[in-house]
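In what follows, a structure is listed as structure tokens, so that the remarks can point back to it.
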Amino acid sequence: MEVIIQPDAESAGLLAARIVASVIRDKPHAVVGFPTGSTPIPFYAHLVRMHREEGLDFSRITTFNLDEFVGLPHDHPASYHAYMDKHLIRHVNVARDRVHIPDGMAADIPSYCRKYEDDIRTAGGIDIQILGIGPDGHIGFNEPTSSLGSRTRIKTLTRQTRRDNAVEFGSEDKVPFHVLTMGVGTILDSRMILLLAFGAKKAEIVARTVEGPVAALVPASALQLHPQTVFLLDEPAAAGLSKIDYYRYVYEHKPDWQKY
Ligand code: F6R
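The sequence shown stops at residue 265 when you use the working numbering, and every number in between is there.
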């Protein structure tokens, strides 16, 4: 695990975009896993800017999103289809037939989820998966007690996660109870993982994720088992880490050839 601490969300978003851009430049057919939520917004803004100003080419990549609400049509403003279109897809030259976002309207959910897993495998597996983290330690929508070996499936959101998503829906009672989400096992199969966490309200869960025991109660803690995970934090989100000085020291002394 590598912990990188940046002064603020803006500079962390820029570094995340640089890392993803270098994956795409090295491997134009890269398979990229994308998250939604408020955290990655500066990251997407930088990817769009790099496309416009630096010619970053998305034309051959394949994308897989982590999750989607069950029962929301793609054009619903709170759907993750609409989010991805707004923040990335419509601004860059990604091929629409290689964009995969779980279909919350799927009629046969179990077979749809199996196909989502098959599609990831057929594409060659995810080269880099970007993640946010919920205050309860969810990644994707793998809520606490999710199996650490889970695959893409339907999940029930906790009361708190429904509350946290109420703004986008206008009120809590409009937030669906169910989502489709990649599993923890699906996420762990990615070759590289980049988790972004910003703000003081994420400090406690970041500390439990990075330095606490691996436990289904904190699904993100499973990332400790992954060989190439980077936690990209702003200062407030890093404040609860007991080894914070060590992470800074490691980053300062990183060999040039390992730098992003
Ligand atoms: C969204 C997702 C979630 C969010 C998490 C944090 O696709 O998978 O795990 O990353 O709920 O959300 P924000 O960034 O809004 O704090």
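Even glycine gets a Cβ: it sits at the ideal position worked out from N, Cα and C.
Residues sharing a beta bridge with residue i, DSSP
i           : result
residue 11  : 239
residue 222 : For residue 222, which the question treats as bridged, DSSP gives no partner whatsoever.
residue 174 : Per DSSP, none; premise fails for residue 174.
residue 74  : 184
Rounded C-alpha distance that separates residue i from residue j
i           : j           : result
residue 130 : residue 215 : 25 Å
residue 162 : residue 171 : 12 Å
residue 154 : residue 127 : 20 Å
residue 221 : residue 6   : 19 Å
residue 95  : residue 59  : 17 Å
residue 145 : residue 178 : 21 Å
residue 114 : residue 37  : 23 Å
residue 5   : residue 107 : One cannot answer for residue 5 here, as it falls past the ends of the chain, which runs 6 to 265.
residue 27  : residue 103 : 20 Å
residue 138 : residue 16  : 18 Å
residue 121 : residue 232 : 24 Å
residue 209 : residue 219 : 15 Å
Residue j beta carbon less than 8 Å from that of residue i
i           : j           : result
residue 29  : residue 71  : no
residue 142 : residue 223 : yes
residue 49  : residue 93  : yes
residue 8   : residue 254 : no
residue 24  : residue 265 : yes
residue 189 : residue 147 : yes
Which listed residue (the options) has its alpha carbon closest to that of residue i
i           : options               : result
residue 119 : 89, 66 and 157        : 157
residue 238 : 200, 38, 102 and 108  : 200
residue 33  : 21, 68, 11 and 95     : 68
residue 124 : 113, 105 and 139      : 105
residue 203 : 147, 245 and 109      : 245
residue 230 : 240, 254, 217 and 205 : 217
residue 98  : 140, 64 and 165       : 64
residue 160 : 150, 226 and 47       : 150
residue 12  : 205, 209 and 210      : 205
residue 181 : 168, 187, 188 and 189 : 168
residue 35  : 147, 15 and 100       : 100
residue 82  : 116, 173, 117 and 76  : 173
residue 184 : 257, 117, 27 and 253  : 117
residue 240 : 250, 191 and 234      : 250
residue 256 : 235, 188 and 211      : 235
residue 165 : 152, 73, 175 and 140  : 140
residue 55  : 21, 84 and 75         : 21
ask   = Using 8 Å as the threshold, is the stretch 125 to 145 in touch with the stretch 184 to 203, meaning 3 or more CB pairs across them?
value = yes
task = Could you tell me whether the stretch 39 to 46 touches the stretch 88 to 107, using the rule of 3 or more Cβ pairs below 8 Å?
result = Yes, the stretch 39 to 46 is in contact with the stretch 88 to 107.
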